[in-house]
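In what follows, a single structure is set out as structure tokens and then discussed.
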Amino acid sequence: MHSPIPSIHRLPTELLIQMFRHVRSIEDYPGWTTVSRVCRHWRTVLSACPEHWRRVPLPSADLTRLSLAFAIRLSIRTEDFHAHRISAHAMRLALAEMARVSELHIDCSQYALSAADRQALCVTSAPALESLHLSLRAQDGPLPKTLFCGQAPRLRDLRIQGSGLQWVACSSLLEGSPRLSALSLVSTPSSPRIWSSAADMFHALRSFPELSCLELSGVLPRVPYPRAEERLCAESASRRLRRLSVRDDFSVLAPVMGYWQVDDSVDLELDCKQMPIAYDPDDPDACDESVSFALASMLMSVSHAPDDPDWPASFKSLQVRETLEASEVRLFDASMDASDEPLSGSVTIRLQWPHAVSHWASSRVCVPRVLGLLPVEGVRSICADYEQRDWGTYMWRHLSRMQQVQMARLVGHGAPTDFARALGGKLCPKLRIVHVENSVTTAGSFPRPAVVYTTLAKALRDRCRRDAKHSHNTRLTIRDSSGVVDHMQIFNTGHVDWDRRSSSQQVYDAQ
Amino acid sequence: MPTIVSVDDSTVPGEGSSRLLLLVSSDNKHIVVEEDIMSRSRFISKQVEGFEATSQRHAILLPFSSFVLNKVIEYCSHYRGYYLLEDDPDAAPPGRSPVREWDQEFLDVDRNMLLRIIKAAHYLEIKSLVGSCARAIADMIRGKTTEEMREILGVENDFTPEEEHSPSSKCTG
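Which chain is which? The protein sequence lines are A and B, in order. The first sequence begins at 687 in the numbering used here and counts up by one. The second sequence begins at 8 in the numbering used here and counts up by one.
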């Protein structure tokens, strides 16, 4: 025997409310408003369910009135109605209730704020507003300077996006929003900057003691290398940050990030991929040398402890690869060429120093600083491409930390000289594959290539003799584009048998 | 309040580690179930606490059929030993019930049965089952027009033409 068939009308009110809550959570507009048209009982129940009407149904002024009648807090979000035309009348009705609005998200590409709407945003304060997202277009003009009469004391989440962002408009609002925890300002690099100096920016950020999530895109001030007092200001501005995302032109980003000492626990994202540095190799003096300092400082600010095994992965996740690219430093996780012996799982650090950069006096300080921060302890293959001898001196100083290197590729006439010198010591004990690509056979004060190659070959041979167990497949390959090979020497000893393979490519194998 | 009748201890073998409960449905079917299975029900738990206070064991009469009761027991048996956030009285209530695949299959029943189950779950205070049923009902009317909702759930349109035409007009009761 079954009990009588229950009617949905006879369900307890709390069950109906729970059902309506699910309808609201799974239905887009207009589905969640349809239930109010089913029967009088449902509408009565819904009228006692203010949460159901929190989202203001902007496409219909009639439903908007219903929402305004039943809801306590209001959420005005144009993105909820992307498939519908938003009623200007409904928007006006909703904005008139600004005192109850807790969320205001307006995308002007979807709904262009009218003059009346702008006026409505200025005449009352926003005591309940917690989240404000505004996406402006260039033709929308600047925001009103007296937005919400400068009063939004509960505002915690502010995102303003659009070219020509007017900080003046936001500043008065933010002064009345001390509880801000998430701030996102997105503009375009070509737009006027909202801060005239780094000090101004950090001063503004310091007024939000609870700020934990910060996104700045195309809004950083264009500043020279910072002064000491600005560093102190930067530290106090980022004390509680948990996430920092900065996108900008490298020449703008690097100086600011150079002294923004962000804590290691901060989820940091730096991106200047789409906005590379304006670097002209033919006119290196045009580059501000502070950029190299900034780069080094920035690396220090983002790097984790060198002995952190996860450091390379973290480094990549920070998108510093793109950042460094602008300064011709590249980090990538790949083997060298397909023709090379694969080293599975190896992390390769590739350093490409432009010739022009070496003219910077500061570089002799900067480069070792940068290198000193790289996680070279686990590196198994290295590739160097540079022309200047001095650079090698600084670079190979760090070979003492590269105890795992098995393969080296050297390009440029400055490379083998210093590398050979380094190999003369007991560095890189596991090195067994060396490729040399040298475009210049003799140049100025450099040692003759014959001497260099001989030194390299001797160094490798001595290694094989010292450690026969690890000498298997040891080889030295020299590709000389000039074709001058008559200075080469053939070694033929008891343990090492060097063989000449061709006139333009010398391959020496230690069997 | 449920009707509680005294029963002979020999009827309910509740001694030892595996304690049993006797549930009596509205169609007078006696169903013996392990207490542990029904512990998800706040109503049953409170009854058991009452037994322990008085040192007397009773059968628990429930105002729904054995068919519905067996469905509820099936649900409780399936989640025996599982922690479900919705049933934790100390946890903050979740914003919405999670979608559980098994629940969707379990509640793939006709509208009348679904309404019976949600009423039983509400009576027994099994919040996770109430939430799943509410979600199932919401899924039934998802994307439907007003007329289709009325038809699916058997609701009569009792609006006056004026009220129906203007959604913002007040209902007078």
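Glycine residues also receive a C-beta, built at the ideal position from the N, C-alpha and C atoms.
- Taking the Cα of Thr832(A) as reference, the smallest distance to any Cα among Arg804(A), Gln825(A) and Ala814(A) is reached at Arg804(A).
- Distances from the alpha-carbon of Leu702(A) to those of Val724(A), Pro716(A), Gln825(A) and Arg892(A) put Val724(A) closest.
- The Cβ of Ile38(B) sits no closer than 7 Å to any Cβ of chain A.
- Among the residues of the stretch 142-171 of chain B, those with a Cβ less than 8 Å away from any Cβ of chain A are Arg142, Ile144, Ala145, Asp146, Ile148, Arg149, Gly150, Lys151, Thr152, Thr153, Met156, Arg157, Leu160, Gly161, Val162, Glu163, Asn164, Asp165, Phe166, Glu170 and Glu171, in the order of the chain.
- In this structure, Leu68(B) sits near Val31(B), with a CB-CB distance shorter than 7 Å.
- Following the DSSP letters along the chain, one finds Glu41(B) inside the beta strand (DSSP E) bounded by residues His37 to Glu41.
- The three-state secondary structure of Arg840(A), taken from DSSP, is coil.
- Residue state for His85(B) is assigned as helix, using DSSP reduced to three classes.
- Secondary structure of Glu783(A) (DSSP, three-state): coil.
- Between Ala814(A) and Arg786(A), the C-beta spacing is below 7 Å.
- For the pair Pro70(B) and Ser33(B), the CB atoms are nearer than the 7 Å cut-off.
- Within chain A, the residues placing a beta-carbon under 8 Å from that of Val137(B) are Leu701 and Gln704, ordered along the chain.
- Here the C-alpha atom of Val872(A) lies approximately 47 Å from the C-alpha atom of Cys1114(A).
- Residue pairing by DSSP puts Ile792(A) in a beta bridge opposite Leu820(A).
- If you draw a straight line from the Cα of Val106(B) to the Cα of Gly836(A), it comes to about 43 Å.
- Take Cys899(A), set aside five residues on each side of it, and the residues of its chain with a beta-carbon closer than 7 Å to its own are Ser867, Ala868, Arg928 and Arg929, in chain order.
- Residue state for Gln54(B) is assigned as helix, using DSSP reduced to three classes.
- In the structure shown, the three-state DSSP call for Asp886(A) is helix.
- Ranking Arg892(A), Ser870(A), Tyr797(A) and Glu789(A) by CA distance to the CA of Gly904(A) puts Ser870(A) first.
- Nearest CB-CB separation between Val709(A) and chain B: below the 7 Å threshold.
- For Gln847(A), the beta-bridge partners assigned by DSSP are Ser821(A) and Val872(A).
- DSSP, read as helix, strand or coil, puts Ser800(A) in coil.
- If you check each beta-carbon in the stretch 108-129 of chain B against every beta-carbon of chain A, the ones closer than 8 Å belong to Asn119, Leu122, Arg123, Ile125, Lys126 and His129.
- Around the beta-carbon of Trp109(B), fewer than 16 other beta-carbon atoms lie within 10 Å, marking it exposed.
- By the Cβ rule, the stretch 764-776 of chain A does not count as touching the stretch 731-740 of chain A, because fewer than three pairs are nearer than 8 Å.
- Measuring C-alpha to C-alpha distances from Gly862(A) to each of Leu1142(A), Ser893(A), Thr874(A) and His889(A) identifies Ser893(A) as the nearest.
- Proximity of Cys735(A) to chain B, defined by a Cβ-Cβ separation below 7 Å, is not satisfied.
- A distance below 7 Å between beta-carbons, with the five flanking residues on each side excluded, links Leu752(A) to the following residues of its chain, in chain order: Ser722 and Trp739.
- From the beta-carbon of Thr764(A), no residue of chain B is found nearer than 9 Å; the closest lies around 21 Å away.
- Where Cys899(A) is concerned, the enclosing beta strand (DSSP E) starts and stops at Cys899 to Ser903.
- Distance from the Cα of Val809(A) is smallest, within the candidate group Ser821(A), Phe834(A), Ala824(A) and Cys794(A), for Phe834(A).
- Distance check between Arg925(A) and each of Pro895(A), Val938(A) and Val932(A) places Pro895(A) closest, using alpha-carbon atoms only.
- With respect to the 7 Å criterion, Leu29(B) and Glu42(B) are not classified as neighbours on the basis of their beta carbons.
- For Leu779(A) and Ala145(B), the gap between their C-alpha atoms comes out near 30 Å.
- Contacts with chain B at 7 Å (Cβ-Cβ) include Arg723(A).
- Taking Val938(A) as the centre and dropping the five residues before and after it, the same chain places the C-beta of Leu906 and Arg908 closer than 6 Å to its C-beta, in chain order.
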